[in-house]
Every structure is written in structure tokens, then in C-alpha cells.
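Under the UniProt record's numbering, read the sequence shown as residues 1 to 799, first letter to last. C-beta: ideal position from N, C-alpha, C; glycine also. Only one structure is covered here, and it is reproduced in the block below.
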Amino acid sequence: MSVVNVAEEVLGGVLQAAEQLQGAFVAAETGCVESLRWAGAMPLLLRDLGVQNVLSASDLLNCSSPQELRRLLLLEENESVSHVALLLSGFLWDYEAALKRLLAMGVIHRLTVCSSLSEKAHECYDFSKLGGDAAQAATGARATKVMKFEEFAMELSKNATFQTEIGAESSEQQTGDDEDWDWNDSETKKETITVQNGVQVVHLPLNVVPLLSTKTFSPEPSLFVLSHPTCASAFPLLLHQVEDDKTTSPASPTGRGGASFNSTDGGKKYKHVKDVLPEHIPSAFRRSMRLLAYTLAEMMLGTRLDVKERIFAVGATSLKIGHTLLRILNELEEEASPQMLQGQQTASMVIIDRTADLASPCSFGSSLLDRILALLPQTPTKSTAGEDTTEDCATKRPNVTEIFPLHGCKPTPISSITPATFDTSGYQPSEFVSQIQWKGGASLCHPTIPSGSNVFRSLAFRPAKLALRDLDKRLQAVEHTLLQQGKLQTAAVTRRPGEKVRGRDVVLRRISKILEAGEPTNLEHSSLIELGVIVLEALERMDQSQNRWDKCRERAVRQLELRKQGGTEWILPEMADIMQRQVSAIQSETSGDNGGFLSLQDLLTLLVNAFALSAGTPLEDFTIQMVQKALVDTVFQAVQTTPFSVQTALPELYAQLSPYINTQAKTDHDTEGDDWDWNDGSSSPTASKEVSVGRNGVQLIEAKSVIETYVESLMEPLKDCEQQFVKVTTEEVTSMTKDSPHSLIAKLCSSIVDPSEASIPEIQHVRPSIDANSTAVLSRSCTVFLAWDLCRLLMRPNS
Numbered sequence: 001m002s003v004v005n006v007a008e009e010v011l012g013g014v015l016q017a018a019e020q021l022q023g024a025f026v027a028a029e030t031g032c033v034e035s036l037r038w039a040g041a042m043p044l045l046l047r048d049l050g051v052q053n054v055l056s057a058s059d060l061l062n063c064s065s066p067q068e069l070r071r072l073l074l075l076e077e078n079e080s081v082s083h084v085a086l087l088l089s090g091f092l093w094d095y096e097a098a099l100k101r102l103l104a105m106g107v108i109h110r111l112t113v114c115s116s117l118s119e120k121a122h123e124c125y126d127f128s129k130l131g132g133d134a135a136q137a138a139t140g141a142r143a144t145k146v147m148k149f150e151e152f153a154m155e156l157s158k159n160a161t162f163q164t165e166i167g168a169e170s171s172e173q174q175t176g177d178d179e180d181w182d183w184n185d186s187e188t189k190k191e192t193i194t195v196q197n198g199v200q201v202v203h204l205p206l207n208v209v210p211l212l213s214t215k216t217f218s219p220e221p222s223l224f225v226l227s228h229p230t231c232a233s234a235f236p237l238l239l240h241q242v243e244d245d246k247t248t249s250p251a252s253p254t255g256r257g258g259a260s261f262n263s264t265d266g267g268k269k270y271k272h273v274k275d276v277l278p279e280h281i282p283s284a285f286r287r288s289m290r291l292l293a294y295t296l297a298e299m300m301l302g303t304r305l306d307v308k309e310r311i312f313a314v315g316a317t318s319l320k321i322g323h324t325l326l327r328i329l330n331e332l333e334e335e336a337s338p339q340m341l342q343g344q345q346t347a348s349m350v351i352i353d354r355t356a357d358l359a360s361p362c363s364f365g366s367s368l369l370d371r372i373l374a375l376l377p378q379t380p381t382k383s384t385a386g387e388d389t390t391e392d393c394a395t396k397r398p399n400v401t402e403i404f405p406l407h408g409c410k411p412t413p414i415s416s417i418t419p420a421t422f423d424t425s426g427y428q429p430s431e432f433v434s435q436i437q438w439k440g441g442a443s444l445c446h447p448t449i450p451s452g453s454n455v456f457r458s459l460a461f462r463p464a465k466l467a468l469r470d471l472d473k474r475l476q477a478v479e480h481t482l483l484q485q486g487k488l489q490t491a492a493v494t495r496r497p498g499e500k501v502r503g504r505d506v507v508l509r510r511i512s513k514i515l516e517a518g519e520p521t522n523l524e525h526s527s528l529i530e531l532g533v534i535v536l537e538a539l540e541r542m543d544q545s546q547n548r549w550d551k552c553r554e555r556a557v558r559q560l561e562l563r564k565q566g567g568t569e570w571i572l573p574e575m576a577d578i579m580q581r582q583v584s585a586i587q588s589e590t591s592g593d594n595g596g597f598l599s600l601q602d603l604l605t606l607l608v609n610a611f612a613l614s615a616g617t618p619l620e621d622f623t624i625q626m627v628q629k630a631l632v633d634t635v636f637q638a639v640q641t642t643p644f645s646v647q648t649a650l651p652e653l654y655a656q657l658s659p660y661i662n663t664q665a666k667t668d669h670d671t672e673g674d675d676w677d678w679n680d681g682s683s684s685p686t687a688s689k690e691v692s693v694g695r696n697g698v699q700l701i702e703a704k705s706v707i708e709t710y711v712e713s714l715m716e717p718l719k720d721c722e723q724q725f726v727k728v729t730t731e732e733v734t735s736m737t738k739d740s741p742h743s744l745i746a747k748l749c750s751s752i753v754d755p756s757e758a759s760i761p762e763i764q765h766v767r768p769s770i771d772a773n774s775t776a777v778l779s780r781s782c783t784v785f786l787a788w789d790l791c792r793l794l795m796r797p798n799s
């Protein structure tokens, strides 16, 4: 059985485009850089292909003058660059204006545009941006404008200032040869010169980030994420999106409607998202799902995996994607050459709604890698730092796996960001990790270094204790090597007689001892140090939130017991009480029983969990009103005390509140007599600095009104969470603390490896309508799980 190596698939695409990348300045978007780094393609570009530099595509496209472009490319005055290659992950029409402006500057002689999206995938574009007849596609009709790379390149070439001159020179040189051969040579020369001095558009698929790949059979799966932001952030359809979308969801032309489709007060209302007809799904959502299906279909075709007969789905949205994927696969195979279809191996694909594990152990983060990516921040961009308010200010970019170099990187990437405009508290290492004398930063990405990639695999798939033990054993081997080389005199004392130490204490002492030999020059050693720093920081942050997740487990057990007894709801009233108690405690400056307050992000997470656990229980209006009021009070208090927490958790609300709050002010103010201080301080400059809201009571009233409206709009999405609930048993919940987590994905893997395991009742087989009675089982040769979540996309070869 052949093994599909996702990293080699990415490298193969880069090698096929070697001629277009040779010796160029490369400017790439974030998703493309992620794909190149994790596939180990950066050394190939910089060393073997002679790429001069790798820049940010946005920096290049935002250059507004030749002088600015030359400064970015480090050119002298009036100097030009022979070749620039752009690696773009989006739809080319969105870059057209910027590309034309770039060519008109006359600095770039040859421009190669490498598109991650194929020509056919461009049919998922929002054609309403183009206007005219093309805009009809935005309402669900077939695209009237088709992307052809050659035609797009010719359109861009009209803005180039060098092409006409080159063409004239080439025509003057073609004299004195035999007429027949002269005709052939002129075409060859003309074609060559056009490539060397002109515009070319090629397809270079960099839409997969191979976090873990293997060249040989392994019981552990390969792991990848999708690098296109739209695909990476794809989220299951929620019922309120259908009911709220009045303009972009056209009425059904057939008047269809299932048993769960009612018409009330002139409007259409569904009872469950699984019954929603395609024509009633918002157009933007349909485009994102179609793009996701195109990406998966082209990936399956490129890796020669035949999944047409074995597409399975868990969740309503995944089922709809599965049908779209099946249609696209059929279309692509009809157009593919016989060579592309040769050597295909049978495989299965299981598409899972990312919310299907909303109330199961999987949602709590079963592996250390889950916790690392959830708890450690990404390096902030201009938009996340608040410098570009037109973009989403969320700190998590779903298509980016790399984390911020929390420790030892000087100067830090946030050194140019002032605390007044950006909250840097989450970017500081814990006191525990600060003891390490390390100045090399910290990266998760070590694809070509065996020790680093093996530890990364342990973090992804092994229980936390075993992963930490594996890391320590590898660090011990490094320590032993340094002792043999004479760089260390004694080994680290990791455990003194009678001393109780944690696993992380042992790792900390081991790292500190290794660094006594100086900064490692060996990449194997430095990768282990970096991963050790990351793991220790994640464990410290996990401790801060462990108590609340323990309470989540307790709630899940109690809810299951309550259901057995036929009891009514109680989880949501408990959450409302928790929020109200915290509001009162903050006002009185007490820290409560847990030794600290829950952040706004944590409270929202717990609310989602509580609504999911309430599935199957009728919710009274009074309960919803209680939760809504408690959430309004919590957000209103957060705006005054920690406005950056609102910016992180609810960026849309923060943008609406920005005219009414003053983030430049101090947040640590005296809350005693708060209501009176607001009014009394309206005429005092000192009091104005002591509060983090507006300068007078009118702004506070306006801010609370905005918060009330926004929180009211959150109630419907929260109530939709109960439709995403997957049933879990008491045994599964109580076993969450054991080394073998029983999450939904873990159960799916078990059912494939061992067919005697209990099957998942929610799984559905995607079949063509003409073959509705056919049956299929999951292929044991290769299964591709797609759960739409970071570190939940994996390719598993089976024995």
C-alpha cells in the first residue's frame, strides 16, 4: 500500500514551478508561506532555486510609488528588478487593480503570479464585486465570468511599460536566416522573451499546510490544515443565519419544503438546519462551502485518492458539503487526463461539523498541541494591533498555525506596538518559563529536523504525560551528548531525595542545564529547546484554566444524571448566577472562591458549553432573559475595566463601541461609588483618566444600549448550539481524566481500525441520488478526516 505524503505533494508542486520561481524575489501571502514552511520548501527556494528574498505579498501590493517599491526590494535609485514572483491564495480578480498599479511603476521587468486557486475554483468568487452581468452569480446562478490565466496575464500586460520595446528589439534581430527556419526561430525567441520580460500566471497549489507527514506507514495519521482563510474559518451553518438572511437567500423557485419547514407570518421558518434547502442558504455561505469542496476535490485528485464511493458526513452542514464534493469530483474526473486517473487508490473521507464535539471531551483539548494552539497567541499583525481598523481585529488567524515567540526573542515582534493601542499582557511568558536563559525564540515548525518533528507528533497524538516524558528523554540525550563532548561537567539534578517534582520541573532543569553549555549551534538541539519552552508555557497556562474545565466535566455528569431522572434545566441558571456573582465581586474588589476571575472569552466559552448541554430541554423565556441580562452586565463591566478583552472576544461589538470608550485611559481605577464617580468626574481631568469609558454619562448610556442590542443578537446563535450537540455517555464523560480520551474523532478512528467497536449512529453516507440504495463501508486503506478545525484535519492510513 502506498503512503500519501502531503508534504511531498506540496514540494512536488513547487518543483513543477521551479522555472517560474528561479532567482526571483518572492512575495507570498501568509497562507502560502505557512504551506511552504511546514512542507520544508523554504530551503528548496532559498538554496536550490536561488530565490533572493521572501517578502509579504501585502507589503508589495500596497506600494504606492516606485520609490516605496524600491525601498521594499532594497534597490538603488532608478534600479529595476528582473523578476518578481507573487504567491497568492485568493481570487485573482481581487488583486487585479493592485497588480496593474505595480506593473505601471516600471520597476519590475518580469512578473509571475502563482495562484493557489485553480481556474475552475474561481467560480466560487463573489461576482457581485464585479457588477454587471457577472453579479448574477452572487444570487446562486452559475458564474458568467470565467477565469483564464492566460487571458488574465494578457490583461495585466497592458499596464507593463517594457513589453513593447522588447518586442521591437526581437523583431529587428531576425534577419539573414533561412525563411522556414527563421519563422520557427522568431516564434521561439518571441515566446522566450515574453516569459523573461512580461507577465505570466500559473497554478501553484499551496492550499494545504502539512503539519505532520510520513514517508512510511505509521499507525498515527498525517495532519494538515487548509491555508486559505475562507476554508480554514469555515463554520457549520446555524439556523439563525438562514432566518436572518432576507436579501441574499432567494425564495425557493419550486416552493419546496420538508416536514420541518413552516411558513408563519409571511416568513419561512425551519426547525432544524438539516432541513434547509440550498436556495435558502445565504449566498456567501454557499460560496465558502463550495470553495472548501473544490479545495478538497482537487487535493484528492492530486494525491490520487478515489473517495467518490466512500464520502461520509457527521453533521448537517458536512452532509451538504459532501454532496457538493461528490459533484465536483465527477466534473474534475471527466475533464482529467487518463494519466491523472491512473494509480488511484481507494480511500474514505469523513467530513465532520467542527461543532459536533461541542460538549464532548474533544472540545476540552485532548492533546498538548490543542492546548498550545488555543492558549499561546499568534504574532500580531497590523490589523490585530489596531493599526488597520478596516480588517478583523481578532488575534487568531484560522489559517495560521505558528505561534508568537514568547520567550527569548529580542527585539520582540511587538516592540513597535505601544501598550496604549494593544494589550501585550498575553504575550509575556510566565514566571516559571522566565527562568530559562534562552534567546532563540520559539517555533513549532521544524519539519526537516527529526527530533523536532517527532516531539511535535507526540504533542499531537500522545497523552500529555507521555508527550512530556518523550520530550524529556530527547533532552536527556542532548545533555548526554554535551557531557561526552566536555561542554558540560555534570548532568542536571532533576530530582533530589525526598523531593516531589512535576514533569515540567524536570524538563525545566534539563533545559537550563543544557543552556549552561551555551547557545546550541545544532539545529536538533535548538528545536528541542524551543519546543520545551513552548510546552512549559502551555502547561503553566493550562493550570490557570484547569479548575473551570473540571467544573465543565462536573456539569456534564450532573446533566446526564438529571436527564435519567427526567429533570428540567438548571445549567443555564447556574451560568447566569456565576456571571452575576463575578460582576458583584469585581465591583467589591474580591477575587471569589476560585482565586481569580473568568475572562470574557472564558465566560462565552462556558455559555456555549452550557447551551449545548441543554439540548433536548425546553428553554423557558425567563431563563433566556436571565442569561441575557447577566451577559449584558458582564460585557458592560468588561468595557469599563478590561476593554481589550472585549476587543479579543467580540471584535464586532468593540468596533461599534469605539466611539464611546477611551482605551487610552487607565483601566485600574477605584470602583467604589462607581455610579457617582462617573457623573462627578465629567468635569475633572483627573477623573476622566481614571475611567476607561466616555467622558460623560451620555456616552455610558449609549454604550450600554449598543451592548444590549448586540447581546440580544447573540441569543439566537447560542440557542442554535443545542442542534450541534452529540450525545455522550456517563462513562465517556467520567473517563475524560484518563490517558485515552473518548472524543468523537477518537471513536471514529477506533471504529475504523477495529470494526468490532461501536459505530457512530450520526454518520451518514453521501450517495448519488441515482444510487440511493447502495451501501459502503469506511475504507481501511486510507481515511481522510475533515473536522474543519485546527489540528482536526488528518489523513489516516489503516492497516
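Considering only Q378, I328 and G452, the residue with the shortest C-alpha distance to C124 is I328. Taking a C-beta distance under 8 Å as the contact criterion, L531 and V433 do not qualify as a contact pair. Only buried fits G31, as 16 or more other CB atoms lie within 10 angstroms of its CB. No residue range can be given for L130, since it is assigned to no alpha helix (DSSP H) and is classified by DSSP as neither H nor E. L332 is not a Cβ neighbour of L373, given a cutoff of 8 Å.
With three or more CB-CB distances shorter than 8 Å, the region 477–490 counts as touching the region 501–519. Contact between S451 and R469 does not hold, since their C-beta atoms are separated by about 15 Å, which reaches or exceeds 8 Å.
In chain order, E34, S35, W38, F224, V225, S227 and T401 place their CB closer than 7 Å to the CB of V209, counting only its own chain and leaving out the 5 sequence neighbours on each side. The alpha-carbon of S58 is positioned some 12 Å away from that of L69.
Beyond the five residues adjoining it in sequence on each side, L305 comes within less than 6 Å, by CB distance, of A347 in the same chain, given in chain order. H765 is bridged by DSSP to F312.
Per DSSP, the beta bridge partners of A27 are L55 and L86.
For a cut-off of 8 Å, the C-beta gap from L237 to F285 is around 6 Å, short enough to register as a contact. Counted as a single uninterrupted DSSP element, the stretch harbouring T641 is not any beta strand (DSSP E) but the alpha helix (DSSP H) occupying residues D621 to T641. At a Cβ-Cβ threshold of 8 Å, V51 and V26 count as neighbours.
Of the candidates E335, P278 and Q20, P278 places its Cα closest to the Cα of T317. Between P405 and S453, the CB-CB gap reaches or exceeds 8 Å. Residues of the same chain with a CB within less than 7 Å of the CB of L73, apart from the 5 flanking positions on each side, are F25 and V81 in chain order.
In summary, D577 is exposed, with fewer than 16 beta-carbon neighbours lying within 10 Å of its beta-carbon over all protein chains present.
Residue environment for T709: exposed (fewer than 16 other C-beta atoms within 10 angstroms of its C-beta). Annotation: L650 to I661 spans about 15 Å, alpha carbon to alpha carbon. Close CB contacts of A17 within its chain, under the 7 Å cut and outside five residues either way in sequence, are with C114, V202 and L204 (chain order). Here L466 is actually not in contact with R548; their C-beta atoms are around 25 Å apart, not less than 8 Å.
By the 16-neighbour rule on beta-carbons within 10 angstroms, Q484 is exposed.
Burial state of A336 is exposed, judged by a 10 Å Cβ sphere holding fewer than 16 other Cβ atoms.
The Cβ atoms of H323 and V766 lie closer than 8 Å to each other. Per the coordinates, the alpha-carbon of E119 lies some 12 Å from the alpha-carbon of S89. Within the same chain, and ignoring the five residues on either side of L87 in sequence, the residues whose Cβ sits closer than 6 Å to its Cβ are A28, C32 and C114. For a cut-off of 8 Å, the C-beta gap from H240 to P618 is around 18 Å, too long to register as a contact. P221 counts as buried, since at least 16 other C-beta atoms from the protein chains shown sit within 10 angstroms of its C-beta.
Closest in alpha carbon position to V533, among L613, L376 and T521, is L376.
In this structure, the alpha-carbon of L326 lies about 11 Å from that of M349. Fully enclosed alpha helix (DSSP H) runs of no fewer than 4 residues occupy 464–484 and 503–515 of the region 457–535, in order along the chain. Within the DSSP secondary-structure output, H203 pairs in a beta bridge with S115.
N207 counts as buried, since no fewer than 16 other beta carbons sit within 10 angstroms of its beta carbon.
The C-beta distance from A232 to S367 rounds to 19 Å, too long to fall under 8 Å, and the pair is not in contact.
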